[in-house]
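The structure appears right after this line, and notes come after that.
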Ligand code: DC
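In the working numbering, the protein residues as written are 74 to 305.
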């Protein structure tokens with residue numbers, strides 16, 4: 074049976090991996106896994122249950138991860154993210170949920186509880202998976218791996234622009250602090266830390282537009298998967 078190709082896109086928070094992954098998946102007609110959304114959904118669940126101390130409630134959080142009731146369904150032409158049949162697409166994007174996601178993601182039992190769920194996204198004709206450990210841990214046999222990076226200042230500026238455009242009141246200094254804290258936790262945790270896979274193409278996007286990033290990824294994918302049909 075032919076191996077279903079996976080393209081992994083890893084990188085730190087607010088670097089634009091989600092957008093890049095969506096564009097690449099759409100161009101190739103591949104499925105998409107936003108693995109950060111899984112950690113965010115679990116984080117939201119713990120916040121709603123009032124579980125405030127991840128260290129104390131570790132076993133309970135891992136059980137919640139294994140039983141997470143989530144689904145992805147189209148809503149107004151985009152993918153809606155549902156927790157127990159409630160559309161929480163916006164709620165999971167808040168900084169509060171992101172910070173909690175980074176805490177629960179540092180727990181080894183949570184990471185292993187979410188592995189099967191992530192593998193289940195590998196479906197024909199192929200998958201684009203974005204996250205922190207897609208190329209290193211979850212899909213080490215991926216056909217093409219990319220690691221996107223950018224300085225934390227540039228990421229904070231981009232996030233600030235994005236939130237301002239949505240009419241949100243933002244403070245760039247606190248955004249930068251949150252990004253640095255999250256980077257620190259994601260890079261220095263013991264399990265599946267944020268790191269580029271040895272065989273990943275590293276793209277620094279400080280001076281690159283989104284279309285240019287997408288172009289570089291597609292070029293890399295076509296180099297790694299020469300048999301990919303031209304109309305894919
Ligand atoms: O990509 P994101 O910002 O939506 O991810 C939220 C948090 O989830 C991030 O701080 C770390 C964690 N995460 C992870 O540990 N591994 C992944 N593959 C994806 C996300």
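Note that CB positions come from ideal geometry on N, CA and C, so glycine has one too.
- Of the candidates 240, 232, 261 and 258, the residue whose Cα lies closest to the Cα of residue 247 is 232.
- The DSSP-derived three-state label of residue 159 is strand.
- Shown here, residue 192 sits in a helix according to DSSP, grouped into three states.
- Here residue 228 has 85, 86, 87, 88 and 252 as same chain residues with Cβ atoms under 8 Å from its own Cβ, once five neighbours each way along the sequence are excluded.
- Around the Cβ of residue 225, a 10 Å sphere holds 16 or more other Cβ atoms; the residue is buried.
- The distance from the Cβ of residue 134 to that of residue 127 is about 6 Å, consistent with a contact at the 8 Å cut-off.
- The ligand DC has no heavy atom closer than 8 Å to the beta-carbon of residue 133.
- Between residue 203 and residue 107 the beta-carbon gap is near 6 Å, inside 8 Å, which marks them as a contact.
- In the three-state scheme derived from DSSP, where H, G and I count as helix and E and B as strand, residue 126 is classed as coil.
- Put simply, of 198, 159 and 294 the residue whose alpha carbon is nearest the alpha carbon of residue 114 is 159.
- Residue 255 sits buried, since 16 or more C-beta atoms from the chains shown fall within 10 Å of its C-beta.
- Using a Cβ distance threshold of 9 Å, residue 219 and residue 77 do not count as a contacting pair.
- The residue from 186, 162 and 208 with its alpha-carbon nearest to that of residue 216 is 208.
- Not one heavy atom of the ligand DC lies closer than 8 Å to the C-beta of residue 162.
- The C-beta distance from residue 265 to residue 210 rounds to 5 Å, short enough to fall under 8 Å.
- Cα atoms of residue 239 and residue 146: separation of roughly 23 Å, rounded to the nearest angstrom.
- If you look at residue 234, you'll find it in the alpha helix (DSSP H) that goes 225 to 238.
- Residue 222 is positioned such that its CB atom lies closer than 9 Å to that of residue 277.
- The Cβ atoms of residue 268 and residue 93 do not sit closer than 9 Å to each other.
- When DSSP states are grouped into helix, strand and coil, residue 136 belongs to the helix group.
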